[in-house]
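All remarks here apply to the structure that follows.
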Amino acid sequence: MTGQFEQMTMSDGAEIEVYHCQPAGERRGGLVVIQEIFGVNAHIRAVCDGYAADGYEVLAPALFDREHPGFDVGYDKEGREQGVALAKGAHPFALSTADTQTCIDSLTDKGPVFVTGYCYGGSVAWFAATRMHGVAAASGYYGSLIPGAASEVPECPTILHFGRNDHSIPIEGVEKVIAEGHPKLEVFVYDAGHGFNCDQRPDYDAPSAKLARERTLALFRANGG
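Those letters in the sequence shown? Residues 0 to 224, per numbering that gives the first Met the number 0, in order.
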């Protein structure tokens with residue numbers, strides 16, 4: 000099962016593309032998947048298709064469409080530099096959270112809505128759990144902004160996934176998140192590096208990716224999905 004791009008109007012009136020997948024079989028719930036800095040590329044679309052096969056209606060907003068319509072790059076040096084320039088410069092992070100909320104809102108009348116995200120999207124998923132409404136559960140992967148916002152309190156059941164060997168997110172930052180002791184949060188640390196979920200990245204680790212996905216699905220299913 001594969002999705003397709005559709006236009007969606009965001010809260011500021013902008014129209015951006017959203018990759019939309021219909022669920023296979025019985026619908027378990029809605030899921031908003033948040034991209035890495037590389038756009039809604041082949042990897043993120045494959046993630047969406049996989050969750051749709053598990054019974055979720057999936058939306059993945061193309062967050063950088065205002066600044067760079069159709070942004071979709073690879074994991075080489077050039078792609079990384081372009082993604083960083085957008086994520087840390089041209090594109091306001093507040094728009095990413097606002098667009099995520101719009102996608103959540105569009106699914107809420109059909110049942111529970113979940114959020115997951117990777118890298119840049121992992122940070123957005125954390126803020127979905129701590130700041131947004133209508134989220135039944137959230138799963139964030141190696142979001143670099145999370146340690147700096149560790150004191151924020153998740154309002155829904157949340158899990159986070161980090162790599163022990165992630166040089167961009169020192170383990171001390173992860174331990175800071177764990178030390179907060181949020182009652183609705185569980186943090187998992189894998190013997191892997193940054194981006195371990197993506198089979199197109201050097202630090203891809205298949206066992207860690209499989210386990211993290213199983214934990215994510217278990218979280219969703221324990222909370223109505």
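For each residue, glycine too, the CB sits at the ideal point set by N, CA and C.
| Item | Value |
| --- | --- |
| Whole runs of the beta strand (DSSP E) within the segment 61-140, excluding any shorter than 3 residues | 112-117 and 136-140 |
| Span of the alpha helix (DSSP H), counted from its first residue to its last, around residue 219 | 205-221 |
| Residue 225 - partner residues in DSSP beta bridges | The requested residue 225 is not part of the displayed model; the chain covers only 0 to 224. |
| Integer Cβ distance of residue 127 from residue 135, believed to fall under 8 angstroms | Actually they are not in contact, since the Cβ atoms of residue 127 and residue 135 sit about 11 angstroms apart, beyond 8 angstroms. |
| Local conformation of residue 160 per DSSP, three classes | strand |
| Runs of beta strand (DSSP E) lying entirely within the segment 22-57, each at least 3 residues, in chain order | 28-33 |
| Cβ-based burial, residue 21 [other Cβ within 10 Å; buried from 16] | exposed |
| For residue 173, the first and last residue of its enclosing alpha helix (DSSP H) | 170-178 |
| Which of helix, strand or coil DSSP assigns to residue 148 | helix |
| Own chain, CB closer than 6 angstroms to residue 151, minus 5 neighbours either side, in chain order | 129 |
| Beta-bridge pairing of residue 59 - partner residues as DSSP gives them | 18 |
| For residue 185, three-class secondary structure by DSSP | strand |
| At least 3 beta-carbon pairs within less than 8 angstroms: the segment 182-194 vs the segment 152-165 | yes |
| Closest residue to residue 13 among 64, 208 and 120 (Cα-Cα distance) | 64 |
| Meets three-Cβ-pair contact criterion under 8 angstroms: the segment 97-104 and the segment 52-71 | yes |
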